[in-house]
Structure formats: C-alpha cells, structure tokens
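Accompanying notes for the structure given below.
Protein chains: 2
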Amino acid sequence: MSDRAAKGSPTLEDVAREAGVSRATVSRVINGIRNVDPEIQQVVRQAIADTGYIPNRAARTLVTRRAGDVALVVSGAGEEGAGAGLPGDPFFGRIAGGVVGYLRPRGMYPVLMLADSDEARRQVVGHLRQGHADGALLVSTHAADPLPRQLAAAGLPAVLFARPARPAPVSFVDLAHQDGARLAADHLVARGCHRVGTVTGPLDVLASQDRLTGFRDAMARHGHPYVPAAEGNFTLDSGEAAMHRLLAEEPALDGVFVANDLMAQGALHALRETGRDVPGDVAVVGFDDSSAALACRPALTTVRQPIEEMAAEMTRLLLDLIETPGRRPTSVIFEPSLVVRQSA
Amino acid sequence: MSDRAAKGSPTLEDVAREAGVSRATVSRVINGIRNVDPEIQQVVRQAIADTGYIPNRAARTLVTRRAGDVALVVSGAGEEGAGAGLPGDPFFGRIAGGVVGYLRPRGMYPVLMLADSDEARRQVVGHLRQGHADGALLVSTHAADPLPRQLAAAGLPAVLFARPARPAPVSFVDLAHQDGARLAADHLVARGCHRVGTVTGPLDVLASQDRLTGFRDAMARHGHPYVPAAEGNFTLDSGEAAMHRLLAEEPALDGVFVANDLMAQGALHALRETGRDVPGDVAVVGFDDSSAALACRPALTTVRQPIEEMAAEMTRLLLDLIETPGRRPTSVIFEPSLVVRQSA
DNA sequence: AAGGAGCGGGAGAGCGCTTTCCGGTTGTGT
DNA sequence: ACACAACCGGAAAGCGCTCTCCCGCTCCTT
C-alpha cells in the first residue's frame, strides 16, 4: 500500500497482485461477467477494498467504446426567438431533473451542451463523435433545428424532447397538446363561459399550433365555431400584450385559454389593469403547471405537462437505443392533466 | 478511405499513413506541441481533413490523465430545506449558463451531477475520482454541506459558489451581500422611507445573515437603530407570510427590503391583499434581479447579482486550479448593483 | 474406462493516443 | 574548420482496461 501510494491510484494490476490472481479475473469479478469461484471472488473484493481501487474510466471506455454517459443538448437557446432559453427557463431545470433522476441510479451523468449557433452545433456533433457521450438528449427551442438531422447523419443515437418540425426518423417524447387544450376548453365550457378566446404561443412552434387547433376543435364541438386568438411568444410581456389585443377584439370575453403559464401571468396583469376580476369576470386557464402558475394571484388553473416523467422516458429511450443500436425510432406521447386552482 | 470506412472512424495511424509521416508527427501537429515543418503541417492537416479524423477522447485521457471537462455539482437540492433546488430554480439555469459560456470556447462541457443525499455525494466523489471530470464546481443549497470537505479530502480541485458555512481551504466566488443590502437601505432612505422593515432569508444561510446585518448596519448609519425583520425561506409563500407578520408588528411600514425576488413577489401579494399601494404606501426592494422581478406588478426594484459573471469566474478559477494543482485557494467577491424599477 | 463437453482461470493482444528517447540534419560560435 | 547545440521526425513504450484464446481440470456420457 505504501509503495503504490507514491505512484498514483492503484490499477487492476495492483489488485490482481494483491489478490494473487490475474488481471482478467479481477476484471471479471468487477464486471460480473462469467462465473468466478465464489471464494476467489471474495478474495478479489477484499483486495479491491484494501487497495482502494477505482476503475479508470478512460481505459475502460477506450476498449469498450462506451463513454457511459449521455449529452443533454439544449439547442437554439440564445438565438432570436422565444424564451431566454437556458437561463431562467424553469423548463430546463425540470427536464434536467428528470434526466438526472433516471440516469443516476445507473451511475451515469448528463453532459450539458448548448447549441445556440451553427458553430456551436458543429462543435456539439464533433464532441459527441469524439466519444464524449454515447448519445444525445435533444431539447430544441427552435422549430427548424437542423441538429436532429445532423445527429442522425453522424449516426449518433438521439432522442428529442418534442416532435421535430420536419419529420425525421428520430425517437422522441411529446405531450398530447391537443388533448391538453381540450381539457382547458371543456373546463371553461363547464364553468359556463360563453365568450372564449385564446392566447397562443408562437405559431411556428408545433406545440403552439397543436394547442390552438386542439382548443378550437374542442370549442367547436361545444358549439363555438369561432374562437378569437392572439399570438404571443411564450414570454410574460407578450402574454400581456396579446391579452390586450384579445380584449380589444372581444371586450365581453369571459374565458381565456393561454398557451403557457408565463403568458397567462401576463394576461392576468392585463385583465387586472382593465379592471376585470379573475375568475369572476374572466376565467383563465394556463398551460405547463410551471412555478409561474403558483406565483399568480389568483393561482392559475392550468394544464399540467409531466415534464419530469417525459424527461425520464426520453432518457430511457436513449439508453435503449445505445444498448441496441439497430433499434427503430420510437415515440412516446404523454397525456396532460388539468390542475384546477383559483383562476378558472 | 473506402477500406477504413469499414473499420469505424479513422485513427491517428490512418492519418499518419495518409500523410506519409509518423503518428507522433500527426499528434504534434494536432496538439501544436513542438515545432513541425510548416510544409509537413500542411500535409498533415490535409490528411486529417481527407480522412475526417476525429481524435479519440478516451485514448487521450488515458495517457494525459485529463478528462477535459468539469463537473457541475448541485448539492443538497432535494433535501429538506428551502427552494425546490434544481427544478424550477432559475438560479441554476443562470449559473449553468455562465459556466457553459466560459467553458464552451475552450471546448469543454460540464457534467451535471446532483448530490441530494449522502449516498449521492459518495457517488459523486467516486465518479470524480474515476476521472469523469477534472474538478468540480459546487453549488450548495445547504449551509452545512459536507461535500466541500469530501472533495478536498479526495484531493479533487473544486470551487464553490458562495462562501462555505464552515471555513475550509477551498476557492470560492461570492457576492458582497452586505453591500447589496446597503444599496437597498440607501435607496429606501433616499426615497424618504421612515418606517422600514425587512424580510430575511433562512438565517442558517450565510447570505441571508449577511443581507440582514448589512441592511441593519446601513439603516443604523441612517439613524434607524431598530429594523423589524421577519424570516422567510426564499419561497414565494414564505415571503407572503413573512410580510404579513411584518405588517402586524409595524402597520405603518413604508418601506421593506426583501432578501430575494421570489419572496418579494409574495410580499407584494400580501401588501395588495391588505390594501396597500406599492410604491405609493410601501416601497419594496428585492434581491437577485431574477426573472421574478420582471414578473411582478409593479416591476421590482432589486439588487442585482451578476450570477453569470460569477459562474464564469468560478469556472475560470477551477480551470486555473486544474492547470496548476499546487495553487492556493482564492476567493473572488463580486459587487452587486441596484436595478431601479417601479416598486421603489 | 475412454472420449468429450463444460467450466474456471491465465496469458496476452490490443483499444488510440502521448511522449520520451534517439538519430540525423542544419545552424552557430570561436 | 570543428565541436557543439538546436531542431525536427520516427520508433516504440506504455496509459489501464477488456476480452479472445487457450489450457487444464472435473464430470458426465456411452
């Protein structure tokens, strides 16, 4: 122990010598591959403990060609467009939480990468190919993100959060946005709202489109063929502005579905400014069940996305893909649920 | 090209053959170490381009004993205590943003690790020692986090975000919390507030203590020997409750300093509920300049922490430490600034 | 009783890279 | 001119691990 303390951490070789067996045997014990005499196993384990041996990841990766962790790529964050992306986006934290929650019990960790420019995307692909990670979890904030294709072209396993705008043979998880919108519509109608509008997200985002069409379809089924809509871009300010526009078009509005909670918070401000009571005069339903929903007064009734579970599933799919490279792309769609609070 | 396409990605050997030089020379060109004849360099670069060579990270790590990335460890997130930790904490996103911003130009990425239990902490230390990362950036949400010491004991380079509760020979970055509190006090006094109180963060957190004492000291210098305080735990609800308590003690309050924006948002709710106008009746100053500050109506006047810069500096310190192992611990303290909006 | 299947263990060949050591060439000082 | 240094490129030794062979043993089969 004293002699090898000088030469850095112990290696397999050291353990083997200590246990009086070969490197191969120690490796087998560690990796639980093939049968090894229980007695020898015991000796080896003792030797491992005695030497304080810790396997060297790089050496293992070199021969197995497995890095043993995955990349969590946030694409298109800082570029022009909606939310601030990574910073301040509570979404990101929840996704990361779900990913880490699934990975950790398996002794893996995500490598965080941002791809907010073409240059950055190139770098990300390059690093993945260097073996930094075995695959990528991709969260695109942009509709036309080229990264999914680039990853596919490089033959790198990848799973997306949200269906890609341009169809591609890639696995993904997503939410049944239309069903969520329907939940909101049903709730507003059940409350007795007659003049209902909606504040949408940026319409170049699929999720926004789905929420809008889902909402309109559901309202149509309830006998409301026309639903006024104002487009926002998922930020609080844009929600406030959109709400004002909606009120200008339909001053007698008594119910509104807002495509995310942050904009709903802005809508609440607009409603208060114009002297309307929520939920007395106007009922408001948000989307996401983010922390913003609880920060609102009145607290927001909202459509919940099970982000953490979705992130965990996304991770599961990726590990599957890494495990079985030939596997065909899969998609898993989650069902949203309505969380009723004070605003509607 | 055709023959080696079959056997996976090209290696140094392939490039060397293509360029008609030895592996060593190619390696030297790639790493820019020692002088290599410019002409040969050109040939090698061409060969690299032709073969589409990408260096294998594991092999490089194995011999250089450098992983080439760092861990971003969030410690004590899910455990009992204040904020939800990672999920939903906008802080985390901003820190991550600052870290990635500094790392990316250097071709590095952070590995995200959560340490929310003793078991998890053990795992984190283990993985770092396996060579997963060369050092750790540690964000502790808990006062008495054992991780800094464990890392130090394992001889792993580490830099903390925020001064550790128990003094330790570790580098860290922090904010001059007292100065921030003074900024708030000066502003409130300048506005003509006479009856001023404060909502503090959890007092087992150093930052909370500093903000409180800083605020009290500054108010004392302005001739206000006593400042009523109510303790919150950095959540919106706790801020609202604390504000109510403060109002009970001092109904004629005309100014309040709240130790973070989220609680300030709650305080705003309490003030509105009790029929007080902000800033007319009561001026409110928050802390952090987080996204919550902008979500408030009126928008929050707040003390800004340059989180991104702090995170970048933290990263710089860590890379320094990795570069020069013997280096002594350093600390860098950032100065806050006041962002004046509508609430005060 | 003899042949073969099955199993547990060791030897050793790499995985792809960096880096020391060496030899040959060219430049420099006296 | 000659010794010496500086410089550049190649050969080769690993870094620590996995995994394929291979060998010797036991045990079952016929």
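Chains A and B, in that order, are what the protein sequence lines are. Here the first sequence is numbered in numbering that gives the first Met the number 0, starting from 0 and rising by one per residue. Here the second sequence is numbered in numbering that gives the first Met the number 0, starting from 0 and rising by one per residue. Glycine is no exception: its CB is placed at the ideal position from the N, C-alpha and C atoms.
- Of the other Cβ atoms in all chains shown, 16 or more fall within 10 Å of the Cβ of Pro89 of chain B; this residue is therefore buried.
- Within the segment 35–119 of chain B, the complete alpha helix (DSSP H) runs of at least 4 residues fall at 37–50, 56–63 and 89–102.
- In terms of beta-carbon proximity, Val110 of chain B lines the interface with chain A, with at least one pair separated by less than 8 Å.
- Counting along the chain, the unbroken beta strand (DSSP E) around Val338 of chain A starts and ends at Ser336 to Val338.
- Within the segment 229–254 of chain B, the complete alpha helix (DSSP H) runs of at least 4 residues fall at 235–248.
- Apart from the 5 residues on each side of it in sequence, Ala161 of chain A sits with its Cβ closer than 6 Å to the Cβ of Asp173 in its chain, given in chain order.
- A distance below 8 Å between beta-carbons, with the five flanking residues on each side excluded, links Ala298 of chain A to the following residues of its chain, in chain order: Ala292, Arg340, Gln341 and Ser342.
- Contact check for Glu239 of chain A and Ala266 of chain A: beta-carbon distance about 7 Å, within the 8 Å limit, so the pair qualifies.
- Flagged as an interface residue toward chain B: Val99 of chain A, by a C-beta distance shorter than 8 Å.
- Secondary structure of Thr273 of chain A (DSSP, three-state): coil.
- For Leu146 of chain B, no chain A residue has a Cβ inside 7 Å of its Cβ, as the nearest lies near 15 Å away.
- Using a Cβ-Cβ cut-off of 8 Å, Thr301 of chain B does not count as an interface residue toward chain A, since no Cβ of chain A sits closer than that to its own.
- The count of Cβ pairs closer than 8 Å, one atom from the segment 273–282 of chain A and one from the segment 163–182 of chain A, stays below three, leaving the stretches out of contact.
- Residue-level contact check: Pro89 of chain A touches chain B, since one or more beta carbons of chain B fall below 8 Å from its beta carbon.
- If the five residues before and after His131 of chain B are omitted, its C-beta is found closer than 8 Å to the C-beta atoms of Ala66, Ala70 and Val110, all from its own chain and listed in chain order.
- Under a criterion of Cβ atoms nearer than 8 Å, the residues of chain A adjacent to Ala119 of chain B are, in order, Arg103.
- In this chain, Ile32 of chain B is not harboured by any beta strand (DSSP E), its DSSP state being neither H nor E.
- The straight-line gap separating the alpha-carbon atoms of Glu307 of chain A and Asp287 of chain A is approximately 12 Å.
- Taking a contact as a CB-CB distance under 8 Å, the pair Val158 of chain A and Met313 of chain A counts as one, their CB atoms being some 5 Å apart.
- If you compare the alpha carbons of A:Arg296, A:Ala311 and A:Ser289 with that of Val302 of chain A, the shortest gap goes to A:Ser289.
- Per DSSP, Val302 of chain B is one residue of the beta strand (DSSP E) stretching across Thr300 to Arg303.
- For Thr314 of chain B, the three-state secondary structure derived from DSSP is helix.
- For Ala151 of chain B, the enclosing alpha helix (DSSP H) stretches over residues Leu146 to Ala152.
- Leu246 of chain A and Ala228 of chain A have their C-alpha atoms roughly 10 Å apart.
- Membership of Ser139 of chain A in the beta strand (DSSP E) is indicated by the continuous run Ala135 to Ser139.
- Taking a Cβ-Cβ threshold of 7 Å, the residues of chain B close to Thr60 of chain A are Ala57, in chain order.
- Under the three-state reduction of DSSP output, Thr10 of chain A falls in the coil class, being neither helix nor strand.
- Chain A places a beta carbon closer than 8 Å to that of Ala294 of chain B, counting this residue as a contact.
- Under the 10 Å beta carbon count, Glu248 of chain A is surrounded by fewer than 16 other beta carbons and is classified as exposed.
- Contact with chain A is absent for His186 of chain B, since none of that chain's Cβ atoms lies less than 8 Å from the residue's Cβ.
- The DSSP-derived three-state label of Ser207 of chain B is helix.
- In the three-state reduction of the DSSP assignment, Asp178 of chain B falls in the helix class.
- The residue among A:Leu137, A:Arg121 and A:Val99 with its C-alpha nearest the C-alpha of Pro104 of chain B is A:Arg121.
- Taking all protein chains shown into account, Ile332 of chain B has fewer than 16 neighbouring C-beta atoms within 10 Å of its C-beta and is therefore exposed.
- Here Val124 of chain A is not bridged, per DSSP, to any residue.
- Using a CB distance below 8 Å, the part of the segment 121–136 of chain A facing chain B consists of Gln122, Gly125, His126, Arg128, Gln129, Gly130 and His131, ordered along the chain.
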